[in-house]
Amino acid sequence: MKTLRAICLLIACMLSVPATAQTFPELTGRVVDQANLLDPAQEAALTAKLEGLENTTSRQLVVATVSDLEGYDIADYGYQLGRAWGIGQAADGNAEKDNGVILLVAPNERKVRVEVGYGLEGIMTDAVSSIVIQNDILPRFREGDMAAGIIAGADMIFRHLSLPEEQARAYAAQAAEQQREEAGKGETGLVIFWIIMMAIIFISSIFGSRGGRRYRGGVGPVVI
């Protein structure tokens, strides 16, 4: 699965690479606020928290805001940014220890992504990342408070990465089940919608055709 994901990302990057070379902001700390969405106090407090996480767990969480994705899809940009910065990379290059996460925000493109290293895929899953984005980040973004959304999202990721691995995996499994249930409800609703639509069309065709025959036979129109 990990190999397949890497191959898919590589192919996507090759197909979507713009003509100009890709450049990234410099990794100056655990918060790289190129888009200037945080004030100095917020950036300092967040940096201290993320450095504490790294010192305690060895897991790395970096918050990055960029003013321009340079024409790249945010998934491609986030993947290449993680590689360029070496977030979570072990000294020996062991992918199993690739335990870094980037919370990436591109305000001008209205995009946000949680990029996760291979070593944390079983913990910081797509389902967990989606819940953080949908429940903690986007509601604050929609209220116009980008800083609050970033801080809330980073805090939830921080809490999850601070959990013992067994608890983190259990929560990830719960989040995946929640997503499956919500997807199932959505599919059920869609099926019901189409059943109703087909029933309406079927009934309309019956009454429409009967009305036509009655008209030709001299019978007045049917009023429903």
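Per numbering that gives the first Met the number 0, the very first residue in the sequence shown carries number 0; after that it's consecutive.
Glycine residues also receive a C-beta, built at the ideal position from the N, C-alpha and C atoms.
{"Query": "Assign A90 to one of three DSSP states: helix, strand, or coil.", "Result": "Caution applies to A90, whose pLDDT of 43 falls short of 50 and renders its modelled position unreliable; the value that the coordinates give is listed next. It is coil, neither helix nor strand."}
{"Query": "Leaving out five residues before and five after R58 in sequence, what residues of the same chain have Cβ atoms less than 8 Å from its Cβ?", "Result": "L52, G87, N98, G99, V100, L119, L160"}
{"Query": "Once you ignore the five residues that flank E50 on each side, which residues in its own chain have a CB closer than 7 Å to its CB?", "Result": "R29"}
{"Query": "Please return the same chain residues whose Cβ sits closer than 7 Å to the Cβ of M135, not counting the five positions on each side in sequence.", "Result": "Just to set this straight, residue 135 is Asp in the shown sequence, not Met. Counting only Cβ-Cβ distances below 7 Å, and skipping sequence neighbours, we find A151, G152, M155."}
{"Query": "Quick check on I122: buried or exposed, where buried means 16 or more other Cβ atoms within 10 Å of its Cβ?", "Result": "buried"}
{"Query": "According to the Cβ coordinates, are V65 and L103 closer than 9 Å?", "Result": "yes"}
{"Query": "So A174 and R112 are supposed to be a Cβ contact under 8 Å. How far apart are they, rounded?", "Result": "Wrong, their Cβ atoms sit about 17 Å apart, outside the cutoff."}
{"Query": "When DSSP labels each residue in this structure, what does G70 get in the three-state scheme?", "Result": "coil"}
{"Query": "Locate the beta strand (DSSP E) running through G152, then write down its first and last residues.", "Result": "Premise fails: G152 lies in the alpha helix (DSSP H), 145 to 161, not in any beta strand (DSSP E)."}
{"Query": "Under 8 Å from any heavy atom of the ligand NAP, does the C-beta of I200 make it?", "Result": "Judged by which ligands are present, the structure shown has none, so any question about the ligand NAP falls away."}
{"Query": "In the DSSP assignment, what residue or residues form a beta bridge with V131?", "Result": "Looking at the DSSP assignment, V131 forms no beta bridge with any residue, so it has no partner."}
{"Query": "Could you check which residue in E165, A43, A171 has the C-alpha nearest to that of S129?", "Result": "A171"}
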